[in-house]
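Colleague:
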Amino acid sequence: MEKYISINQNGVSIRSKLYCTDMKDIKAVVIFGHGFSGHKDNRAAQKLAARIQKRHRDVALIVFDWPCHGDDASNKLRLADCMKYLDNVIGYVKTRFCTDKLYGCATSFGGYLFLKYIAESGDPFIKLALRCPAVDMYDVLTGRIMSDDDLAAIKKNKPVLIGFDRKVKITKDFLAELKENDITVSDYKSIGDDTIIIHGTKDEIVPFDAAEKFAADNGIAFYPVDGADHRFSDPQKMDTAIDLILSSFSMK
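Mapping of the sequence shown onto my numbering: position 92 corresponds to residue 92, and the numbering continues sequentially without gaps.
1) Quick check for students: name the residue ranges of the beta strand (DSSP E) that lie wholly in the region 109-162, counting only runs of 3 or more.
2) Report buried or exposed for asparagine 157, applying the criterion of at least 16 other Cβ atoms within 10 angstroms of its Cβ.
3) May I ask whether a heavy atom of the ligand SAM can be found less than 6 Å away from the beta carbon of lysine 47?
4) Kindly indicate which three-state DSSP category arginine 231 falls into: helix, strand or coil?
5) Assuming the contact rule is C-beta atoms closer than 8 Å, valine 63 and lysine 40 should be a hit. Round their C-beta distance to whole Å, please.
6) State the CB to CB distance for the pair alanine 28 and threonine 95, rounded to an integer number of angstroms; the pair is presumed to be in contact (CB under 8 Å).
7) Return yes when the Cβ of phenylalanine 32 is within less than 7 Å of the Cβ of alanine 45, no when it is not.
8) Is it right to say methionine 23 is buried, meaning 16 or more other beta carbons lie within 10 angstroms of its own, or is it exposed?
9) Could you pull out every unbroken beta strand (DSSP E) segment of at least 3 residues lying fully inside the region 172-225, listed in chain order?
10) So what's leucine 86 in DSSP terms, helix, strand or just coil?
11) Where aspartate 149 and aspartate 193 are concerned, what is the direct C-alpha to C-alpha distance, given to the nearest angstrom?
12) Output the residue ranges of the beta strand (DSSP E) runs that lie fully inside the region 38-78 and measure 3 residues or longer, sorted by chain position.
13) Roughly how many angstroms separate the alpha carbons of aspartate 182 and methionine 137, rounded to a whole number?
14) Mapping DSSP to helix, strand and coil, what is glycine 91?
15) Given a threshold of 16 other Cβ atoms within 10 Å of its Cβ, counted over all protein chains shown, does valine 185 qualify as buried or as exposed?
16) Please state whether DSSP places isoleucine 242 in a helix, a strand or coil.
17) Check this for me: beta carbons of asparagine 88 and asparagine 10, under 7 Å apart or not?
18) If you run the structure through DSSP and keep just helix, strand and coil, what is serine 247?
19) Identify the residues that DSSP records as bridge partners of alanine 106: which are they?
20) Going by other Cβ atoms of all chains shown within 10 Å of its Cβ, with 16 needed for buried, is lysine 104 buried or exposed?
21) State whether the region 106-117 contacts the region 127-135, with contact taken as three or more CB pairs (one from each stretch) at a distance under 8 Å.
22) Secondary structure at arginine 166, three-state DSSP: helix, strand or coil?
23) Do you know how far the Cα of alanine 228 is from the Cα of alanine 241?
Written as structure tokens, this is what we have:
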């Protein structure tokens, strides 16, 4: 079952998508964070949810639009709002389904945000799986996603629209936030045993070496997928990533 829901609490409305077999049976939930300029109708989330539902009737997956992404109504992207959204989704899941059994799965920008949340608020997840996490999000945005014209406009304090699906407005203030919030200086060794990172060797957006070093520095298991690009657009390579995620979750 796929169900669109809005999580309305603490002054925000978070557009979300829930995958489950039966809402009455849910005992554990995977919270999925999509990447930059993505949305809740995420192909990887859908495939992961389908695989979970085949094995575990009592496990749901929820994916939601970050601020200024997908169908979200926000018009200014701020890291504090991203943290608020994730915190609200976690709170909603715990209350609505009466469970603390939460698993985390996130890609790219979503991986950066999940790690930032953990550094600031603690780890809410039993297990965490990150695919091509943008651990150096400032460098990824300015060096791999934004054009020279975009950067020139930002220097003149002009916002720019960038992205892949829905275009996201990026401001000079947001770039300053990213630069000030470098998650690589935080220590994640406490979650190392319960976290994995999966990264394609042909990732054209998030540098492979940066994710590999981050994993090594924090005792996190690192799984390279030979030939995979940033989006894991090859279905077989996506299946490999999902196999690794499900194996790491070890759901009972």
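The C-beta atom is built at its ideal place from N, Cα and C for all residues, glycine as well. Only a predicted model underlies this, so the values are computations on that prediction, with no experimental measurement involved.
Modeller: In terms of the structure at hand:
1) 127-131, 160-162
2) exposed
3) Inclusion of the ligand SAM in the displayed structure is not the case, the ligand content being empty and no account of it being possible.
4) Three-state result, arginine 231: coil.
5) 5 Å
6) With 8 Å as the limit, alanine 28 and threonine 95 do not qualify as a contact, their Cβ atoms being about 15 Å apart.
7) For alanine 45 and phenylalanine 32, yes; Cβs fall inside 7 Å.
8) exposed
9) 195-200, 221-225
10) helix
11) 42 Å
12) 59-64
13) Distance between the alpha carbons of aspartate 182 and methionine 137: 8 Å.
14) helix
15) So valine 185 ends up on the exposed side.
16) helix
17) yes
18) helix
19) Gly33, Leu130
20) The amino acid at residue 104 is misidentified as lysine; the sequence shows glycine. With 16 or more other Cβ atoms within 10 Å, it is buried.
21) yes
22) coil
23) 10 Å
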